[in-house]
Each structure stands twice: as C-alpha cells, then as structure tokens.
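Colleague: Below you'll find the structure I mean.
There are 2 protein chains.
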Amino acid sequence: MTNTLMIEKAKTSKIKDVDFDNLSFGSIYTDHMLVCDYKDGEWKAPKIVPYQPLTLDPSAKIFHYGQSIFEGMKAYKDDEDNVWLFRPLENFKRLNKSAKRIAIPELPEEFFMEGLTTLLQIEKDWIPKNPGSSLYIRPFILASGTGFHASPADEYKFIIACAPSGAYFSGKVKVLIEQNYSRAANGGVGYAKAGGNYAGQFYPTQLAIEKGYNQVIWTDDNEHEYIEEAGAMNIFVRINDTLITGPTSDRILDGITRKSILDIAKDEGIATEVRKISVTEVVEAAKAGTLKEMFGAGTAAVVSPIASFGYKDNDYDLPDLADSYASRLKKRITDIQYNRAEDKFGWRFKVQ
Amino acid sequence: MTNTLMIEKAKTSKIKDVDFDNLSFGSIYTDHMLVCDYKDGEWKAPKIVPYQPLTLDPSAKIFHYGQSIFEGMKAYKDDEDNVWLFRPLENFKRLNKSAKRIAIPELPEEFFMEGLTTLLQIEKDWIPKNPGSSLYIRPFILASGTGFHASPADEYKFIIACAPSGAYFSGKVKVLIEQNYSRAANGGVGYAKAGGNYAGQFYPTQLAIEKGYNQVIWTDDNEHEYIEEAGAMNIFVRINDTLITGPTSDRILDGITRKSILDIAKDEGIATEVRKISVTEVVEAAKAGTLKEMFGAGTAAVVSPIASFGYKDNDYDLPDLADSYASRLKKRITDIQYNRAEDKFGWRFKVQ
Numbered sequence: 001m002t003n004t005l006m007i008e009k010a011k012t013s014k015i016k017d018v019d020f021d022n023l024s025f026g027s028i029y030t031d032h033m034l035v036c037d038y039k040d041g042e043w044k045a046p047k048i049v050p051y052q053p054l055t056l057d058p059s060a061k062i063f064h065y066g067q068s069i070f071e072g073m074k075a076y077k078d079d080e081d082n083v084w085l086f087r088p089l090e091n092f093k094r095l096n097k098s099a100k101r102i103a104i105p106e107l108p109e110e111f112f113m114e115g116l117t118t119l120l121q122i123e124k125d126w127i128p129k130n131p132g133s134s135l136y137i138r139p140f141i142l143a144s145g146t147g148f149h150a151s152p153a154d155e156y157k158f159i160i161a162c163a164p165s166g167a168y169f170s171g172k173v174k175v176l177i178e179q180n181y182s183r184a185a186n187g188g189v190g191y192a193k194a195g196g197n198y199a200g201q202f203y204p205t206q207l208a209i210e211k212g213y214n215q216v217i218w219t220d221d222n223e224h225e226y227i228e229e230a231g232a233m234n235i236f237v238r239i240n241d242t243l244i245t246g247p248t249s250d251r252i253l254d255g256i257t258r259k260s261i262l263d264i265a266k267d268e269g270i271a272t273e274v275r276k277i278s279v280t281e282v283v284e285a286a287k288a289g290t291l292k293e294m295f296g297a298g299t300a301a302v303v304s305p306i307a308s309f310g311y312k313d314n315d316y317d318l319p320d321l322a323d324s325y326a327s328r329l330k331k332r333i334t335d336i337q338y339n340r341a342e343d344k345f346g347w348r349f350k351v352q
Numbered sequence: 353m354t355n356t357l358m359i360e361k362a363k364t365s366k367i368k369d370v371d372f373d374n375l376s377f378g379s380i381y382t383d384h385m386l387v388c389d390y391k392d393g394e395w396k397a398p399k400i401v402p403y404q405p406l407t408l409d410p411s412a413k414i415f416h417y418g419q420s421i422f423e424g425m426k427a428y429k430d431d432e433d434n435v436w437l438f439r440p441l442e443n444f445k446r447l448n449k450s451a452k453r454i455a456i457p458e459l460p461e462e463f464f465m466e467g468l469t470t471l472l473q474i475e476k477d478w479i480p481k482n483p484g485s486s487l488y489i490r491p492f493i494l495a496s497g498t499g500f501h502a503s504p505a506d507e508y509k510f511i512i513a514c515a516p517s518g519a520y521f522s523g524k525v526k527v528l529i530e531q532n533y534s535r536a537a538n539g540g541v542g543y544a545k546a547g548g549n550y551a552g553q554f555y556p557t558q559l560a561i562e563k564g565y566n567q568v569i570w571t572d573d574n575e576h577e578y579i580e581e582a583g584a585m586n587i588f589v590r591i592n593d594t595l596i597t598g599p600t601s602d603r604i605l606d607g608i609t610r611k612s613i614l615d616i617a618k619d620e621g622i623a624t625e626v627r628k629i630s631v632t633e634v635v636e637a638a639k640a641g642t643l644k645e646m647f648g649a650g651t652a653a654v655v656s657p658i659a660s661f662g663y664k665d666n667d668y669d670l671p672d673l674a675d676s677y678a679s680r681l682k683k684r685i686t687d688i689q690y691n692r693a694e695d696k697f698g699w700r701f702k703v704q
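So the sequences go chain by chain: A and B.
The opening position of the first sequence corresponds to residue 1 in the numbering used here, with each subsequent residue numbered one higher.
The opening position of the second sequence corresponds to residue 353 in the numbering used here, with each subsequent residue numbered one higher.
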C-alpha cells in the first residue's frame, strides 16, 4: 500500500502558535489529516492532506441519521523522541465491530495501520512531551452519501485527525449514579463507539453538572440497579482489597484501558472480579467503610479516581488512600505507554 | 421578523431536469434552503440561500457525537395551486422537544414558521401535483461547534431542505417483529427524532431485508414482548373491529400522523384503544382469524398497510379487505392534507 498512499503536505505549519504547556483536551488540531473515501462499493486508497474543512451535501446521511463511529487513541513520545502507540490493533478491531453494528462498510486493516503510522511520522513534532500530555488521535467514519430515506448511505469518509492534548479531567471526579435516564438498551448499540450514544448522554450529564457532579455513572435501563459505564470511561470499584468491574455486554463498551487494567491488576497480585455490580452493594460498602476506591478507565481519561458519588439525594465520599490501586495501576499503564518500563504484555507499538 | 429574513435567490433553477412523473423519495432537492446559525449563545436571523454544500471542520461535533435532530413534513398543492401544510406547529413543538433531550438550544417559533412558509413560497413550483406525490420537507439541526470532548457543541445549524417525493413504500409491506435487537431504552432518546435512533436500526433492518421483509417492528428491550414502533412509522393493529395502537412513551415517537389517525378513527365511529399490545396477543389473533389489519402511520409513509408479519420463523398473512380501516383512514387524512375535503379538526395550514 505504501506506493498508493498519496501525501499532500501543508504549505505552512500552525505549530508555532501552540502553547504546549497549557493544552486543553482535543481542541487544537495538527497540520494534516488522513482521508479515505468509500465509493462504488469499496474503500479507495487513503490520502494525507492538509487539515481542512469537509464539504458535504445538506442531505448527507450523517446530518440526519447519526451514521457515524469513532475511536480514541493516543501517541506518546519517550525521552529519546521515539513515538509509541498502545494496542492500536485493538482500536482497529473495535472500529470494525462498531462499523458492522452501524451498517458502515468495514475498513481494511492496512488502510488503518499504514495511514495512521504515516500520519504520525509526519506529525511527530506535534506529540507533546510534558507529563500527562499526549497526542490524542481521533479515527472516525461518517456517512457522506445522501438521501432523506432512513437507510444506510452508499458513500462514507474515514478520517484520522490528531489533537495535542492535556488531561481530560482536572482533579478528582464527582459522579452521579443515574436513576432516571439511560445510555443503552439491551440489543442496542451501547457497545459500539457510535455517535448517537454520546449525544443521548449530554442532557442527563448537564443536569448532573448543574447539581455539582462531573459525570454520570449509567445503570441498566430496566431497574437502574446495576452499574454499567460512565460514557467516556469504564468503572472499577474496590471493595476491601478486591477490584471489581462489570462484564462487557451489548450495552457496555469493551474498553481497551479497562482490559489492560484488569491484566495489570492480576500481574500486581490484586484480586479481581468481573461481574455485575449492584448499586445496593456499592452503597452498603460505602456505609460499612469497605468501599475503598472507585475509578474510571479509558483512553482519554486514563485512570481517573472518583472522589465521591451521589445516589438518591445522598453523597458518599471515598477515602483518600496513600497507596491506592488507582495510582499504582495508572503508573504501571502510563509507564508502559511512555516507554518508561518493561512491556511484558507486548502492548507497546513503535511508530517507525 | 420579516424584515430580517435575508433571501439570496439561485441564479438558475434545476427544476427543468426533474421528472415529476417518476419521483423517488427524498433524493432530489429544490433550488433553495433555509439556514439559521446558533452562535454566541443565540439563534441568529435565518437566511434563504441557494441549495449548496455545507462546510464544516472535521472536529465538528455532528461527526463524532451524533448531536442532531430532525423533522419530517410535507407540503401539498390543491387543484387551485394553493399550498398547504399539515399541523406544522406540531412539528415545531416536537423539534424543540427533541432539541431539549439532545442538549441542543431550542429554536424560536417565528424562525421556524416564517422561515418555512417563506421558503415554500419561493419553492412553490417544486410541489408536485401527481397523486401520492408531495414536497417532502426536512427541517434539521446539527452540531457545527468543534472539539474532541464528549460534551454539547457551542454552535449549531438549523436548516430546512425540500425534496419533491413519491411514495416512501411501494406496495404492501412485510414486517418482522424483532426478537433480538432493540431500538430504544427506558429513559433513553427513543421519543426524540434524534439521528442516532436511526443509525442503530440500519443493521437489524438489513438482516430483516435479507430474509425478505421490508421493515422491522421494534419491541421492548427487556422482554421483546410489547410492540413499540417501526422506526419510520407508528404501528396500528385491528383486532375484530377495534383499532389499537401503543401508548407513546420515552421509547416511542409521538407521531403526528398517529394521533391524527386516532382522531379520525373516533370521528368515523371506529372503536379505538391506546394500550400496550403484546406480541402474543397479535399472534393469537392472527391464528384465530380476528387480526383483520395492521398498518404503519407516519409523515413519510402516510398510511402503509402491512401484508404479513414474521415472528420467530413463522410468517402470518393478513387478509386483503375490500373496505379496510387503512384505506378509509388514508383517504380521510389525505383528503384533508390535499384540501379535497372539509377540515373539521383545523389541521390544514395555508401557506401564503
């Protein structure tokens, strides 16, 4: 594929305007992007072009029927300026799993992997080295085919854009265990990184923010009794010394950080359980003092400790532990990601 | 508002290229569209401009988080070339109901109504007069604000585009009562005309089409035992001489055609019930010969008779009645829409 990947370089770079010491999350973009069109029944060869607006017909199905999916990844730079990805094939596989559920044609692996690594080589200088910073990578597919008929589009665009980014959350996180609204249905699209899953969370999250929380923890739509995920993160709970997370399902995203944290925890000798977690169990453990930690895990959020949770008009504070599982696990995973420690799992992927 | 509605006319018209005798549904567009931008915390004055592509940053939230909503309406032309809408304020109210749930700022009524009627006056020649044809109108709002952070956008575009259209379904419809996949969660966004609700239906609908059906009838996500809606239509069932449809809920769209059909049926002296319909009840009625009719109702589909339904590997045919409720109700509602009969309900709205 190398000889078919066309590259059109930007005439000037915006990099000098960027304050790398004060990066927000996902709000400034690098000089180039990868674009790959699906047309006439096939994915055409990808191109790298200057970062530029998209021009789409007002009847493009993305605007009407939410036919879009995405992935979130990060590129990390080590002290020798080597560039690393973390389990990129897992993102590729999940992109195609999402594609299938949203009736988007699956993408060839080489278009994704070679497009991504070539783009990162070109944008190497944009990868921040400050602690906690990284280059956030957003691969996404949108329906560009047209028509006011509720059916899959016949044309799509696969794009990779990159944003040098700081932390997703600043400080500890206050969450609300949701008792009215829901994120996903059994037999629905909750396990896919589909656009519509996110828009549906905004309003209930706004209501939670107005009450002083940062994020909602979603529960099952039938009884609101089982903890699912937090929209941008999977949720881990530590009761006594056991680390517990819910099983993945058709309602819950199969998080790459989630499964990596489980493997690292086992390697650390931490007792882990993957099983349904009831809200009652968490509240009882909080009251009994056996609920030691809760944290979220995701590519954007990395490992985000939860300071307190709200449930039915009560707030429950979590203890502030000196040597928490969250801090140990965050150090282990980021040390692997930034090439500061041995990678016994074979997760690191060198961009070259 | 009249003096603030800017109009930029198209230099040439595409109308001569259109074969009005062979219109498909929603695939060709008129010469103009209405565009209204939300920026700096307010909806700016709408403009009518030549129909043209939209230019959006690759990081616009519509591409990533499915933040979009829409409406479906039709304009009808009578024998004297008067132009009519059907209950347009109901569409406006529902648009804002959807907006609230998807965290999109609500739109002022006068921007919607005056924008719509002015656009229709300009596009009057595009409204087909052939039987079964109409000008399909698509008001929609998309998130144009940017950022790879899963939160509501700060900028939006409200657009109205129009497509002269023929029938949505050709002929009778075969449906599959879905037993694996789901459309909506309790506490979710099923009642909103949100983009993501449609993308999630495409794959299960494709599977149904491969088995020889045209459309899926969705059931509740918990037991798959209660009939909800058909994605582009609400569902009516006639058992003996009673016409039954499910209650609206947070999972089911509050269809304007649905509630109009209920009012017309009562006016016709037909016994109606609005209550949960179990799949078991429908299958038993089909076996007993008491299931006389099933039909879908929606703006695009109007009243679409269902010829048969599939359930758990069995197909059940519906009788072909000479004087069906579906045909009587379709005639009553389209006679009102096309100004061929008295409008005792006050639903017709003259565009002038």
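Note that beta-carbon positions come from the ideal geometry of N, C-alpha and C, so glycine has one too.
1) May I have the straight-line CA-CA distance separating residue 152 (chain A) from residue 328 (chain A), to the nearest angstrom?
2) Identify the contact partners of residue 189 (chain A) in chain B, using a Cβ-Cβ distance below 7 Å as the criterion.
3) What are the residues in the stretch 42-64 of chain A lying within 9 Å of chain B by C-beta distance?
4) Can you pull the chain B residues whose beta carbon is under 9 Å from the beta carbon of residue 138 (chain A), in chain order?
5) Answer with yes or no whether the minimum CB distance from residue 101 (chain A) to chain B is below 9 Å.
6) Less than 9 Å separating the beta-carbons of residue 85 (chain A) and residue 119 (chain A)?
7) How would you call residue 692 (chain B), buried or exposed, if buried means at least 16 neighbouring beta carbons within 10 angstroms?
8) If we call anything under 9 Å between Cβ atoms a contact, is residue 33 (chain A) one with residue 410 (chain B)?
9) Note down, in chain order, each residue of its chain lying with its Cβ closer than 6 Å to the Cβ of residue 88 (chain A), except the 5 sequence neighbours on either side.
10) Just checking: is the beta-carbon of residue 182 (chain A) within a distance shorter than 9 Å of some beta-carbon in chain B?
11) Could you give the uninterrupted runs of the alpha helix (DSSP H) lying entirely in the stretch 287-349 of chain A, keeping only those of 4 residues or more?
12) Could you check what DSSP says for residue 447 (chain B) in three-state terms: helix, strand or coil?
13) What is the rounded straight-line gap between the Cα of residue 134 (chain A) and the Cα of residue 72 (chain A)?
14) Under DSSP, the beta strand (DSSP E) around residue 402 (chain B) begins and ends at which residues?
15) My output table needs one value for residue 384 (chain B): the three-state DSSP class, helix, strand or coil.
16) Using DSSP with H/G/I as helix, E/B as strand and the rest coil, what is residue 531 (chain B)?
17) Please give me, in chain order, every unbroken run of the beta strand (DSSP E) with length at least 3 that falls completely inside the stretch 89-175 of chain A.
18) Between the stretch 492-503 of chain B and the stretch 413-422 of chain B, are three or more C-beta pairs nearer than 8 Å?
19) I'd like the span of the alpha helix (DSSP H) that includes residue 363 (chain B), first residue to last.
20) Quick check: is the beta carbon of residue 557 (chain B) nearer than 9 Å to any beta carbon in chain A?
21) Between A:230, A:150, A:164 and A:100, which lies nearest to residue 202 (chain A) when the distance is taken from Cα to Cα?
22) Should residue 605 (chain B) be flagged as near chain A, meaning a C-beta pair shorter than 9 Å?
23) Among residues of its own chain, excluding the 5 on either side of residue 50 (chain A), which ones have a beta-carbon nearer than 7 Å to its beta-carbon?
24) Would you decide whether residue 556 (chain B) is buried or exposed? Buried here means 16 or more other CB atoms lie within 10 Å of its CB.
25) Quick one: which residues of the stretch 15-38 of chain A get their C-beta closer than 7 Å to a C-beta of chain B? List them in chain order.
26) List, in order along the chain, the chain A residues whose C-beta lies closer than 8 Å to that of residue 503 (chain B)?
27) Residue 94 (chain A) to residue 500 (chain B), Cα distance in whole Å?
28) According to DSSP, which residues form a beta bridge with residue 203 (chain A)?
29) Are residue 612 (chain B) and residue 645 (chain B) touching if we call contact CB-CB under 9 Å?
30) Rounded to the nearest angstrom, what separates residue 356 (chain A) and residue 236 (chain A) at their Cα positions?
31) Is residue 577 (chain B) helix, strand or coil when you go by DSSP?
32) Name the chain B residues that come within less than 7 Å of residue 195 (chain A), Cβ to Cβ?
33) Is the beta carbon of residue 310 (chain A) closer than 9 Å to that of residue 173 (chain A)?
34) In chain A, which residues lie less than 7 Å from residue 422 (chain B) when you measure between Cβ atoms?
35) Are the beta-carbon atoms of residue 15 (chain A) and residue 125 (chain A) separated by less than 9 Å?
36) Using 8 Å as the cut-off, can you tell me whether the stretch 572-579 of chain B makes contact with the stretch 206-219 of chain A, which would need three or more C-beta pairs spanning the two stretches below that distance?
Modeller: With the given structure in hand:
1) Numbered from its first residue, the first sequence carries residue 152 (chain A) at position 152. Numbered from its first residue, the first sequence carries residue 328 (chain A) at position 328. Computed Cα separation, rounded: 45 Å.
2) The residue given as residue 189 (chain A) occupies position 189 in the first sequence. Per Cβ cutoff of 7 Å: 552.
3) 51, 52, 53, 54, 55, 56, 57, 58, 59, 60, 61, 62, 63 and 64
4) As a position in the first sequence, residue 138 (chain A) is number 138, starting the count at 1. The contacting residues are 410, 411, 416 and 500.
5) Stepping through the first sequence from its first residue, residue 101 (chain A) is reached at position 101. Answer yes: the Cβ-Cβ gap between residue 101 (chain A) and chain B drops below 9 Å somewhere.
6) For the purposes of this step, residue 85 (chain A) is taken as the residue at position 85 of the first sequence. For the purposes of this step, residue 119 (chain A) is taken as the residue at position 119 of the first sequence. Cβ atoms of residue 85 (chain A) and residue 119 (chain A): not closer than 9 Å.
7) Residue 692 (chain B) sits at position 340 when you count from the first residue of the second sequence. Looking at its Cβ environment, which holds fewer than 16 other Cβ atoms inside 10 Å, residue 692 (chain B) is exposed.
8) The count along the first sequence starts at 1 and reaches residue 33 (chain A) at position 33. The count along the second sequence starts at 1 and reaches residue 410 (chain B) at position 58. Cβ distance < 9 Å, so residue 33 (chain A) and residue 410 (chain B) count as in contact.
9) The sequence position of residue 88 (chain A) within the first sequence is 88, counting from 1. For residue 88 (chain A), where only same-chain residues beyond five positions count, the Cβ hits under 6 Å are 349.
10) On the first sequence, residue 182 (chain A) is found 182 positions in, with the first residue counted as 1. Chain B, which has a Cβ nearer than 9 Å to the Cβ of residue 182 (chain A), makes this yes.
11) 325-337
12) The residue you call residue 447 (chain B) lines up with position 95 of the second sequence. If DSSP states are grouped into helix, strand and coil, residue 447 (chain B) belongs with the helices.
13) The residue you call residue 134 (chain A) lines up with position 134 of the first sequence. The residue you call residue 72 (chain A) lines up with position 72 of the first sequence. Whole-angstrom Cα-Cα distance: 12 Å.
14) Along the second sequence, read from residue 1 onward, the residue named residue 402 (chain B) stands at position 50. 399-402 is the span of the beta strand (DSSP E), which, as asked, contains residue 402 (chain B).
15) On the second sequence, position 32 is the one that residue 384 (chain B) refers to. In this structure, residue 384 (chain B) counts as strand in the three-state DSSP scheme.
16) Working through the second sequence from its first residue, we reach residue 531 (chain B) at position 179. In the structure shown, residue 531 (chain B) sits in coil (DSSP, three-state: anything other than H, G, I, E or B).
17) 134-143 and 156-165
18) yes
19) In the second sequence, residue 363 (chain B) corresponds to position 11, counting from 1. Note, residue 363 (chain B): premise wrong, no alpha helix (DSSP H); not H, not E.
20) Position 205 of the second sequence holds residue 557 (chain B). For residue 557 (chain B), the answer is yes, since a Cβ of chain A falls inside 9 Å of its Cβ.
21) Looking up residue 202 (chain A) in the first sequence gives position 202. Of the listed residues, the one whose Cα sits closest to residue 202 (chain A) is A:230.
22) Within the second sequence, residue 605 (chain B) is the residue found at index 253, counting from 1. Answer no: the Cβ-Cβ gap between residue 605 (chain B) and chain A never drops below 9 Å.
23) Against the first sequence, residue 50 (chain A) aligns to sequence position 50. Excluding positions up to five away in sequence, the list reads 8, 10, 31 and 32.
24) For the purposes of this step, residue 556 (chain B) is taken as the residue at position 204 of the second sequence. The residue is buried, with at least 16 neighbouring Cβ atoms inside 10 Å.
25) 25, 26, 27, 29 and 33
26) For the purposes of this step, residue 503 (chain B) is identified with residue 151 of the second sequence, where counting begins at 1. Under the 8 Å cutoff, chain A gives 202 and 205.
27) Taking the first residue of the first sequence as position 1, residue 94 (chain A) is located at position 94. Taking the first residue of the second sequence as position 1, residue 500 (chain B) is located at position 148. Each residue's alpha carbon lies about 19 Å from the other.
28) The residue labelled residue 203 (chain A) in the question sits at position 203 within the first sequence. According to DSSP, which records beta bridges pairwise, residue 203 (chain A) is partnered with nothing at all.
29) Walking along the second sequence from the start, residue 612 (chain B) turns up at place 260. Walking along the second sequence from the start, residue 645 (chain B) turns up at place 293. No; because the gap between Cβ atoms is not below 9 Å, this pair is not in contact.
30) The structure shown does not extend to residue 356 (chain A), since chain A is modelled only from 1 to 352, so the question has no answer here.
31) By one-based count along the second sequence, residue 577 (chain B) stands at place 225. Looking at residue 577 (chain B) - three-state DSSP - the assignment turns out to be coil, as it is neither helix nor strand.
32) On the first sequence, residue 195 (chain A) is found 195 positions in, with the first residue counted as 1. Those within 7 Å of residue 195 (chain A) in chain B are 416, 417, 418 and 548.
33) Position 173 of the first sequence, counting from 1, holds the residue named residue 173 (chain A). Position 310 of the first sequence, counting from 1, holds the residue named residue 310 (chain A). For residue 173 (chain A) and residue 310 (chain A), no; Cβs fall outside 9 Å.
34) Counting from one through the second sequence, the residue named residue 422 (chain B) turns up at place 70. The answer, in chain order, is 64.
35) Position 15 of the first sequence, counted from the first residue, corresponds to residue 15 (chain A). Position 125 of the first sequence, counted from the first residue, corresponds to residue 125 (chain A). Yes, these two residues count as a Cβ contact at 9 Å.
36) no
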